[in-house]
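J.: My structure is below; once you've seen it, I'll send some questions.
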Amino acid sequence: MAYAALVSLANTIDRNLNHNLFSIPLEQKQQIISLCEYVTPFQAFLEKFPDKFTSLEGRMREVAHQAEDIIEYLVLEKVFSSPDDESGCRASGKYELQLEQVTEEIDLIAGEVKEIEDSSSSKDVQQRGADSSPLSSSSSDAPAIHKESMVGFEEYAIEIKERLCGEPSNLQVIPICGMGGIGKTTLAKNVYDDPLIVENFVIRVWVTISQDYSAQRILSSLLESMKEFNTGRLGQTDEEKVHKILMGRRYLVVMDDIWNSEAWDVVRMVFPNDGNGSRIMLTTRLSDVASYPDPWSKLYEMHLMDADQSWDLFKQKVFPDEDCPSELESIGKEISKSCKGLPLAIVVIAGLLSTVSKNPASWQEIAENVKSTETAEQEQIEEILSLSYTHLPQYLRPYFLYMGSFPEDEEIHVVKLIRLWTAEGFMKPPIDSESFEKVGEECLEELVKRNLVLVTKRKCDGSRIKSCSLHDLMRDLCIRKAHETKLFLNLMDKHVEKESFIESIQNQRRVNVDSSNVMHLSSINSSSIHSIKCLHRNLIKLEFLESVRLLRLLDAEPADVEYSPSMARLYELFHLRYLAIRYCHGISRALLNLQNLQTLIIHREKRDKFFIGVTCNLGLQWFMPQLRHVYFYGTIYFYDPPEETACSLESLQTLSYVEHQSCTERNLKMMPNLKKLKIDCSTGVRRGDAACLNDLIHLHRLENLEVYAGCWVDSRPKSYIITFPRMLKRLSLRDLNLAWNDMFIVGSLPNLQVLKLKSCACIGSTWETMEGAFPVLEVLLMESLRLENWITESSHFPYLKRLLLHSCWNLNGIPNDIGEIPTLELIEVKGDVRKSLVKSVEEIQKEQEELGNNTLQVLCINAKTSKQQRFHSDEISDDGQD
Numbered sequence: 001m002a003y004a005a006l007v008s009l010a011n012t013i014d015r016n017l018n019h020n021l022f023s024i025p026l027e028q029k030q031q032i033i034s035l036c037e038y039v040t041p042f043q044a045f046l047e048k049f050p051d052k053f054t055s056l057e058g059r060m061r062e063v064a065h066q067a068e069d070i071i072e073y074l075v076l077e078k079v080f081s082s083p084d085d086e087s088g089c090r091a092s093g094k095y096e097l098q099l100e101q102v103t104e105e106i107d108l109i110a111g112e113v114k115e116i117e118d119s120s121s122s123k124d125v126q127q128r129g130a131d132s133s134p135l136s137s138s139s140s141d142a143p144a145i146h147k148e149s150m151v152g153f154e155e156y157a158i159e160i161k162e163r164l165c166g167e168p169s170n171l172q173v174i175p176i177c178g179m180g181g182i183g184k185t186t187l188a189k190n191v192y193d194d195p196l197i198v199e200n201f202v203i204r205v206w207v208t209i210s211q212d213y214s215a216q217r218i219l220s221s222l223l224e225s226m227k228e229f230n231t232g233r234l235g236q237t238d239e240e241k242v243h244k245i246l247m248g249r250r251y252l253v254v255m256d257d258i259w260n261s262e263a264w265d266v267v268r269m270v271f272p273n274d275g276n277g278s279r280i281m282l283t284t285r286l287s288d289v290a291s292y293p294d295p296w297s298k299l300y301e302m303h304l305m306d307a308d309q310s311w312d313l314f315k316q317k318v319f320p321d322e323d324c325p326s327e328l329e330s331i332g333k334e335i336s337k338s339c340k341g342l343p344l345a346i347v348v349i350a351g352l353l354s355t356v357s358k359n360p361a362s363w364q365e366i367a368e369n370v371k372s373t374e375t376a377e378q379e380q381i382e383e384i385l386s387l388s389y390t391h392l393p394q395y396l397r398p399y400f401l402y403m404g405s406f407p408e409d410e411e412i413h414v415v416k417l418i419r420l421w422t423a424e425g426f427m428k429p430p431i432d433s434e435s436f437e438k439v440g441e442e443c444l445e446e447l448v449k450r451n452l453v454l455v456t457k458r459k460c461d462g463s464r465i466k467s468c469s470l471h472d473l474m475r476d477l478c479i480r481k482a483h484e485t486k487l488f489l490n491l492m493d494k495h496v497e498k499e500s501f502i503e504s505i506q507n508q509r510r511v512n513v514d515s516s517n518v519m520h521l522s523s524i525n526s527s528s529i530h531s532i533k534c535l536h537r538n539l540i541k542l543e544f545l546e547s548v549r550l551l552r553l554l555d556a557e558p559a560d561v562e563y564s565p566s567m568a569r570l571y572e573l574f575h576l577r578y579l580a581i582r583y584c585h586g587i588s589r590a591l592l593n594l595q596n597l598q599t600l601i602i603h604r605e606k607r608d609k610f611f612i613g614v615t616c617n618l619g620l621q622w623f624m625p626q627l628r629h630v631y632f633y634g635t636i637y638f639y640d641p642p643e644e645t646a647c648s649l650e651s652l653q654t655l656s657y658v659e660h661q662s663c664t665e666r667n668l669k670m671m672p673n674l675k676k677l678k679i680d681c682s683t684g685v686r687r688g689d690a691a692c693l694n695d696l697i698h699l700h701r702l703e704n705l706e707v708y709a710g711c712w713v714d715s716r717p718k719s720y721i722i723t724f725p726r727m728l729k730r731l732s733l734r735d736l737n738l739a740w741n742d743m744f745i746v747g748s749l750p751n752l753q754v755l756k757l758k759s760c761a762c763i764g765s766t767w768e769t770m771e772g773a774f775p776v777l778e779v780l781l782m783e784s785l786r787l788e789n790w791i792t793e794s795s796h797f798p799y800l801k802r803l804l805l806h807s808c809w810n811l812n813g814i815p816n817d818i819g820e821i822p823t824l825e826l827i828e829v830k831g832d833v834r835k836s837l838v839k840s841v842e843e844i845q846k847e848q849e850e851l852g853n854n855t856l857q858v859l860c861i862n863a864k865t866s867k868q869q870r871f872h873s874d875e876i877s878d879d880g881q882d
């Protein structure tokens, strides 16, 4: 993908050259920096012509990759060679020649870009003159859709019809939103053709907007549909004619398949508001477009069908006038399930089945090949879904396509996704105070708004996305487009022989393999590979690292890395940005040589100590300026650095789990931008003493803190000395055996929004809160506590939104006063609890309903509760680990 390659090239130039980190000869340095002048014009060209000049886009991609590789090889030569090394001089001459060739190709591309842009400018002038004439009105014809296609959306149809025919009398906009193929047009057309609607409106108009719209085209379509009412005089504009026709008449206008808010802006003034019950319906894939005409209008957001709805629709399409034969029912359900709830896919496959014999053998063949069968109908689905991709801005395309590199049906954790995006080089450096994480979240939200990505869970405060997923058909689209644009090569879903594997990875930048192909990694000999993802658990060897010297991402988190001398090669991957492995042996201090490392994740089967740091006697300095996130599933601790050591961890944002003895003032001041910290106090618990964490006060930007002491059988309260940073927003305490009185300190934190008390976080039978505590707390989770009595008042939690009581088996109940908290939205009781607790929360709900408060939701979930309720609970409760 050319756009992503250009962004990555600009990032590489900025990282390695503009910051003067390496002594690359001045002539080469100027030559490389001059390449950056082409990045912005090339990006602008791709944005203007997103899908028209694919051959030119391919050349841009290749030349950007070549330039980036040259830069990174030059850096490697400087890092691993001595100043008087003659081989370094020879390499420098070789790369100088390559740079000249790259520059010549870029000049040629720049010339062709200019010719195309000049030619396009002249054509635009001619087109503007042509647009003044009336255009075809075929878009005004509503598509023919049968009533039986409405399975699963009956309630929406009833409610929309009531809104169309009921109050208020002012003009109303009714938006329908959802992903491609979900049934938006089907729903709108069934309502549009309903006899009640036909009778209620004097004028009904259907206009399909689509992406390639113009104001003139929309107005011409409206006029053509209303030509029997058109008595406009010569000289009137089309806007005036449309407005005059609609004035005083009750009308219904459907704007189908609208893609941006500008399409609404260009015609909204032609719709009069006469107070006669006129209505406008619009369908769109984009949530922000749906809410744009009227942010207060209810949005009808269509979701995927469940298994029963899918089967009902399937039966109606295949057997419209008869019952499904019993011998076909199980196979039919299997086929309908394979459509993953997408109505369009169900309708298309049902159409395919109508052309074959209705017998088990014929249906079984389709069931086995439904995903791979190349048919005109399948191409129709692909074409419709591809529209969403075609309409994506260039900068969003790599983000979206990259999601196809995750396994099918996998729940994608957003934290990991954004870190992978960052490591791959898709993101431009953030401006001002924005972080890579903030930019990534905004890009993901944009994809969600466009109904390309499904949200599976949000954070427990309901604000940000925690995890997401792709519909299978969307994932297929991602993989297909990624292969076409050479964004990545996906070898996860099929086994290939060694020879085919080696051939297929040539000239690939990113490779994803699973357990069936991981054995072939040792055969890799491709200098172009920058990213390897091993996405299924298996044993892998690292011999291949010698031939992928430019590797910047190794995600082998699910796999076990075998110990061997080749592990030393890992520490020579100077450009490595993301490393996630499962490794049960010693980690060399040579790891600290990875100066570009951003994310480090090491899973271990044993909880051994992990040494990171510097020592005076060895004269080492810990210099990892890019390091942002460290997860070690054991315990991390630091040697005290010498006094002269500079602050070298300014980028560090996440550290988990660090040994509490390492939380000294000197160490913490080396991490001034730390936002998330998990501390292991188990050592102190085993020795019988408590940890002193007073120096946490020096973490002025810490927002998320978890303190853990291990699950040790000890009913005695501990006296921890903890000074919490005032910026803290999220706090989780587990197994600390604190006294409930210590919660007064926690309650005084001015910015605390989420508090989680787990296991033996506090010891004692009664918790009594005080006035003025928890001034902005929104989420309170109490899990597996020994608490029996909770004495509190609504004023003690003035902004509480969610109260989550999980497995608090001794808790007798909660005060009725909790129900008077004006912001409270949810009380969730989950797990093995006393009946008196359930009764108390149900009484609170009943009392609030009697007072007219219908917004408070109470969920009581135990082992017998349905899966649907459990899923809902998971969505809104604990946000777990990253």
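For the sequence shown, the UniProt record's numbering assigns the number 1 to the initial residue and increments by one for each residue that follows.
Glycine included, each C-beta is placed from N, C-alpha and C at the ideal position.
1. Can you name, in chain order, every residue of its own chain whose Cβ lies under 8 angstroms from the Cβ of THR12, other than the five neighbours on each side?
2. For SER137, I'd like the list of residues in its chain whose CB is within less than 8 angstroms of its CB, leaving aside the five on either flank, ordered along the chain.
3. Indicate whether residue 883 and PHE201 have their beta-carbon atoms separated by less than 8 angstroms.
4. If you scan the region 688-767 from start to end, which runs of the beta strand (DSSP E) of 3 or more residues do you find wholly inside it?
5. Who are the near neighbours of residue 892 in its chain, counting only those whose CB is closer than 6 angstroms to its CB and skipping five residues on each side?
6. For ILE540, name the three-state secondary structure that DSSP assigns.
7. Would you list the one or two residues that DSSP bridges to residue 911?
8. Using the three-state DSSP reduction, which class does GLU793 fall into: helix, strand or coil?
9. Provide the residue span of the beta strand (DSSP E) that contains PRO558, from first to last.
10. Please state the DSSP three-state secondary structure of THR514.
11. Please state the DSSP three-state secondary structure of TRP363.
12. How long is the line joining the alpha carbons of SER119 and LEU46, rounded to whole angstroms?
13. Do you know whose CA, among LEU573, LEU282, ARG604, lies nearest ALA590's CA?
14. Give me the DSSP bridge partner(s) of THR208.
15. Taking contact to mean at least 3 C-beta pairs separated by less than 8 angstroms, is the region 294-310 in contact with the region 239-259?
16. Which partner residues does ALA580 have in the DSSP bridge list?
17. Alpha carbons only, please: which of SER214, GLU327, ASN170, GLY180 is nearest the one belonging to GLY277?
18. Taking only three categories from DSSP, how would you classify ILE349?
19. Compute the Euclidean distance between the alpha carbons of LYS428 and THR40, then round it to the nearest angstrom.
20. How big is the Cα-Cα spacing for VAL511 and TRP296?
21. For the alpha helix (DSSP H) that contains LEU444, what are its first and last residues?
22. To the nearest angstrom, report how far apart LEU554 and LEU535 are at their CA atoms.
23. Where do the N-terminal and C-terminal ends of the beta strand (DSSP E) with LYS676 fall, by residue?
24. Quick one: residues in its chain with C-beta nearer than 7 angstroms to the C-beta of SER795, no 5 flanking neighbours on either side, listed in chain order?
25. Mapping the DSSP letters down to three states, classify TYR213 as helix, strand or coil.
26. Under the rule that 16 or more other beta-carbon atoms within 10 Å means buried, what is ALA2, buried or exposed?
27. Terminal residues of the continuous beta strand (DSSP E) containing LEU489?
28. Leaving out five residues before and five after TYR563 in sequence, what residues of the same chain have Cβ atoms less than 6 angstroms from its Cβ?
29. Residues in its own chain within less than 7 angstroms of ALA144 by CB, not counting five upstream and five downstream?
30. Going by the beta-carbon positions, is the gap between LEU594 and ASP560 smaller than 8 angstroms?
31. What three-state label does DSSP hand ILE203 in the structure shown?
32. For ASN667, which residues of its own chain have a beta-carbon under 6 angstroms away from its beta-carbon, when the five flanking residues on both sides are left out?
33. Could you tell me which residues DSSP puts in a beta bridge with ARG279?
34. Would the beta-carbon of GLY183 fall within 8 angstroms of that of PRO343?
35. Beta-carbon within less than 7 angstroms of GLN653's beta-carbon, same chain only, minus the 5 sequence neighbours each way: which residues are those?
36. Run through DSSP, which three-state label would HIS413 get?
T.: In short, the structure shows the following:
1. Hits under 8 angstroms: GLU68, ILE71, GLU72, GLY425.
2. Any answer about SER137 is weak, because its pLDDT of 31 lies below 50 and its placement is not dependable; what the coordinates show is given next. Apart from the 5 residues on each side of it in sequence, SER137 sits with its Cβ closer than 8 angstroms to the Cβ of SER220, SER221, LEU223, GLU224, SER225 in its chain, given in chain order.
3. Nothing can be reported for residue 883, as the shown portion of the chain is limited to 1 through 882.
4. Runs of the beta strand (DSSP E) inside the region 688-767: 704-708, 730-734, 754-758.
5. The chain is shown only over 1 to 882; residue 892 falls outside these bounds and no answer can be derived.
6. Here DSSP, grouped into helix, strand and coil, assigns ILE540 to strand.
7. Residue 911 is absent from the model: the chain starts at 1 and stops at 882.
8. Correct three-state label for GLU793: coil.
9. Per DSSP, the continuous beta strand (DSSP E) segment holding PRO558 begins and ends at 553-561.
10. The displayed chain sequence assigns Asp, not Thr, to residue 514. Residue state, collapsed to three classes: coil.
11. Helix.
12. Going from the Cα of SER119 to the Cα of LEU46 covers about 16 angstroms.
13. Nearest C-alpha to ALA590: LEU573.
14. Per DSSP, the beta-bridge partners of THR208 are ASP256.
15. In this structure the region 294-310 does not lie against the region 239-259, because fewer than three pairs of beta carbons, one per stretch, are closer than 8 angstroms.
16. DSSP, once it has assigned bridges, lists ASP555, ILE601 as partnering ALA580.
17. Answer by Cα proximity: ASN170.
18. ILE349: helix per DSSP, three-state reduction.
19. Whole-angstrom Cα-Cα distance: 12 angstroms.
20. Roughly 46 angstroms separates the two Cα atoms.
21. That run of the alpha helix (DSSP H) goes 436-449.
22. Using only the alpha carbons, I get a separation of about 11 angstroms.
23. Here the beta strand (DSSP E) through LYS676 covers 676-680.
24. The answer, listed in chain order, is GLU771.
25. Coil.
26. ALA2 comes out buried.
27. Its beta strand (DSSP E) spans residues 489-491.
28. Cβ within range, chain order: HIS585.
29. Since pLDDT at ALA144 reaches only 49, below the 50 mark, its modelled position is unreliable, and the value read off the structure follows with that caveat. Spatial neighbours of ALA144 in its own chain (CB-CB distance under 7 angstroms, excluding positions within 5 residues in sequence) are not present.
30. Contact: no.
31. In this structure, ILE203 counts as strand in the three-state DSSP scheme.
32. Spatial neighbours of ASN667 in its own chain (CB-CB distance under 6 angstroms, excluding positions within 5 residues in sequence) are listed in chain order as PHE638.
33. Looking at the DSSP assignment, ARG279 forms a beta bridge with GLN172, LEU252.
34. The Cβ atoms of GLY183 and PRO343 sit closer than 8 angstroms to each other.
35. Contacts found: ARG628, HIS629, ASN673, LEU674, LYS675, LYS676.
36. HIS413 falls in the strand class under three-state DSSP.
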